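Counting from 1, one number per residue, gives the positions in the sequence shown under our numbering. For reference, the structure is listed below as structure tokens.
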Amino acid sequence: MARSSHDLFQEAQKVIPGGVNSPVRAFRGVGGDPVFVERAAGPYLWDVEGQRYIDYVGSWGPMVHGHAHPGILAAVAAQMANGLGFGAPTAIEVEMAETICRLMPSIEEVRMTSSGTEAVMTAVRLARGYTGRDKIVKFEGNYHGHSDSLLVKAGSGALTLGQPSSAGIPQDLAQHTLVLPYNDLDETAQMMARFGYDVAAIIVEPIAGNMGCVPPVPGFLAGLRALCDQYECVLIFDEVMTGFRVALGGAQALYGVRPDLTTLGKIIGGGLPVGAVGGVREIMESLAPNGPVYQAGTLSGNPVAMAAGLATLRLLERPGFHTELAAATEALCQGLAECAAALQVPLQINRVPGMFGWFFHDRPVRSFDDVMAADAQRYGRFFHGLLKRGVYLAPSAYEAGFVSAAHGAAEIAATLAAAREVLQAMKET
Ligand code: PMP
Numbered sequence: 001m002a003r004s005s006h007d008l009f010q011e012a013q014k015v016i017p018g019g020v021n022s023p024v025r026a027f028r029g030v031g032g033d034p035v036f037v038e039r040a041a042g043p044y045l046w047d048v049e050g051q052r053y054i055d056y057v058g059s060w061g062p063m064v065h066g067h068a069h070p071g072i073l074a075a076v077a078a079q080m081a082n083g084l085g086f087g088a089p090t091a092i093e094v095e096m097a098e099t100i101c102r103l104m105p106s107i108e109e110v111r112m113t114s115s116g117t118e119a120v121m122t123a124v125r126l127a128r129g130y131t132g133r134d135k136i137v138k139f140e141g142n143y144h145g146h147s148d149s150l151l152v153k154a155g156s157g158a159l160t161l162g163q164p165s166s167a168g169i170p171q172d173l174a175q176h177t178l179v180l181p182y183n184d185l186d187e188t189a190q191m192m193a194r195f196g197y198d199v200a201a202i203i204v205e206p207i208a209g210n211m212g213c214v215p216p217v218p219g220f221l222a223g224l225r226a227l228c229d230q231y232e233c234v235l236i237f238d239e240v241m242t243g244f245r246v247a248l249g250g251a252q253a254l255y256g257v258r259p260d261l262t263t264l265g266k267i268i269g270g271g272l273p274v275g276a277v278g279g280v281r282e283i284m285e286s287l288a289p290n291g292p293v294y295q296a297g298t299l300s301g302n303p304v305a306m307a308a309g310l311a312t313l314r315l316l317e318r319p320g321f322h323t324e325l326a327a328a329t330e331a332l333c334q335g336l337a338e339c340a341a342a343l344q345v346p347l348q349i350n351r352v353p354g355m356f357g358w359f360f361h362d363r364p365v366r367s368f369d370d371v372m373a374a375d376a377q378r379y380g381r382f383f384h385g386l387l388k389r390g391v392y393l394a395p396s397a398y399e400a401g402f403v404s405a406a407h408g409a410a411e412i413a414a415t416l417a418a419a420r421e422v423l424q425a426m427k428e429t
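What follows is the structure, encoded as structure tokens:
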């Protein structure tokens, strides 16, 4: 007989730290055993016990067309027939780079990596190498992968575990990372007035997605752009999550602010391991082999990953795609808002096209402090109630949810019916 999720988790914990290969998957944020997944298609996941779920995690972002999209699988299969990778340049890498540069005009050159973490690590090294400065400004609750300089007051899994700053990072290095409150331009300007000429880069999630979903307040991103211009430092938008999701040109297109460097991941790999760093030519030319900033990767630009990513991007280019994704996100969030209001449950609902954050809180959530003031325990009850009813949300109050193009009216209606039952039950107990 097939092993249950519980049995597999017991086995897993003997041979994998915490039983998982990435911490949030362990369900520490919500309690209970993680769901072991067997397969997925469209908006659905099936676990090893045959239970089906409507999935709002989407492999943490890449599955913007839903799971196992036939066109993407076919592109991957066709590329695989030629071999899995060569460690030498391929035409499909050029096509990927041209596509990214065309869709995101702030990017003139782009280097592929194998993960978002590597992309951001490279962006920071590039900014330091290009400016000759050491300090980095980041924002509390923003997550930029797990490289040393950035795992300081981070969001996502680290925050879920209550360890936003990791052990094992030398103080000598962490002291170069200045951390500011997200969406607080005044504090950022004050910090820049003191240290601005020592700052190599300001890095920001243009829509925070690793403390739930917290969009930028009006003027925040444009203000960061102006500060970077004033102090001649590099503005890095970490669009690993938002890139190609919230708009074809990413958050930078949605808000009309042009960064110097952009980091990408998730969607550009279509579900396979990929990241990328791109930006203005002058800075990108600092990278090896042309410049003094070293960066490399055995599997970078892997042709199978490029095939998955390119097929994903081509599907996104269909006119109307993002309007439809925004409408689906709106239908889900608006439906939930009505349901919470009818039941008088204090639920704050943030959304941008394709992404949402739901917070049990009675005031709008715009900052890290607001996120921390929301009731994470209630989120855990809501999560488990939905899970029982076949809806899979992120197993942490500090992760964004993702809607895909495969989430149709039927899935949204089923999700809302389940949510209504759960909120009602939570009210009664
Ligand atoms: N930046 C952001 C904004 C992210 O959301 C993530 C991952 N969720 C990363 C960087 C790191 O990417 P990866 O997990 O591929 O290393």
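No residue lacks a Cβ here, since even glycine has one placed at the ideal position from N, Cα and C. On a predicted model such as this, the values are computed, not experimentally measured, just so you know.
In terms of Cα proximity to ASP198, the closest of GLY223, ARG128, ASN142, SER147 is ARG128. DSSP lists GLU109, LEU261 as the beta-bridge partner residues of GLY279. When secondary structure is reduced to three states using DSSP, ASP184 falls in the coil class, being assigned neither helix nor strand. In the same chain as MET211, and ignoring 5 residues on each side of it, the C-beta atoms closer than 7 Å to its own belong to GLY141, GLY155, LEU159, PHE368, VAL371, TYR398, in chain order.
One Cα belongs to PRO353, the other to ALA123, and the distance between them is close to 26 Å. Less than 9 Å separates the beta-carbon of VAL234 from that of ALA200. Per DSSP, VAL304 is not a residue of any beta strand (DSSP E); the alpha helix (DSSP H) it occupies stretches across 303-316. The residues GLY223, LEU227, in chain order, have a CB closer than 8 Å to that of ALA189 in the same chain once the five nearest residues on each side in sequence are set aside.
Put simply, the backbone Cα of MET96 is about 15 Å away from that of ILE72.
The closest CA to that of ILE203, considering only ILE169, ALA2, GLY162, LEU151, is found on LEU151. Per DSSP, VAL94 is one residue of the alpha helix (DSSP H) stretching across 91-103. When distances are taken from the beta-carbon of ALA119 to the heavy atoms of the ligand PMP, the shortest one is below 8 Å. PRO105 sits away from ARG318, with the two beta carbons spaced by 9 Å or more. For ARG111, the CB contacts under 8 Å within the same chain, skipping 5 residues up- and downstream, are THR122, ALA276, VAL277, GLY278, MET284, LEU287, GLN295, SER300 in chain order. Contact check for PHE360 and LEU347: beta-carbon distance about 6 Å, within the 8 Å limit, so the pair qualifies. Taking 9 Å as the cut-off, the Cβ atoms of SER147 and GLY297 do not count as close. Not one heavy atom of the ligand PMP lies closer than 8 Å to the C-beta of ASP55.
DSSP assignment within the region 305-383 yields the following whole beta strand (DSSP E) runs of 3 residues or more, N-terminal first: 347-352, 355-360.
In this structure VAL24 is buried. Its beta-carbon is surrounded by 16 or more other beta-carbon atoms within 10 angstroms. TRP358 is positioned such that its CB atom lies closer than 9 Å to that of LEU336. A distance below 9 Å separates the beta carbons of VAL64 and THR312.
For the options PRO34, ASP33, SER59, ALA26, the alpha carbon positioned closest to that of ALA41 is the one of SER59.
In the displayed model, THR415 falls within a helix according to three-state DSSP. A distance below 7 Å between beta-carbons, with the five flanking residues on each side excluded, links PRO206 to the following residues of its chain, in chain order: PRO216, LEU221, PHE237, GLU239, THR242, ALA251, GLN252, TYR255.
Looking at the DSSP output, THR177 shares a beta bridge with ILE136. Looking from the CA of GLY116, the closest CA among ASN350, GLY269, GLY291, GLY408 belongs to GLY269. The alpha-carbon separation between LEU316 and ASP172 amounts to approximately 43 Å. For the pair GLY380 and VAL20, the CB atoms are not nearer than the 9 Å cut-off. When DSSP reads this structure, ARG52 sits in a beta bridge with TRP46. Distances from the CB of VAL280 to the heavy atoms of the ligand PMP are all 8 Å or more.
With a cutoff of 8 Å, MET241 counts as near the ligand PMP, since its C-beta is closer than that to a heavy atom of the ligand. Distance between THR429 and ASP33, taken at the CA atoms: about 23 Å.
When DSSP states are grouped into helix, strand and coil, GLY129 belongs to the helix group. DSSP places PHE9 within a helical segment (H, G or I) once states are collapsed to three.
Within 8 Å of the C-beta of TYR398 there is not a single heavy atom belonging to the ligand PMP. Proximity of the region 77-88 to the region 406-421 falls short of the contact definition, fewer than three beta-carbon pairs being nearer than 8 Å.
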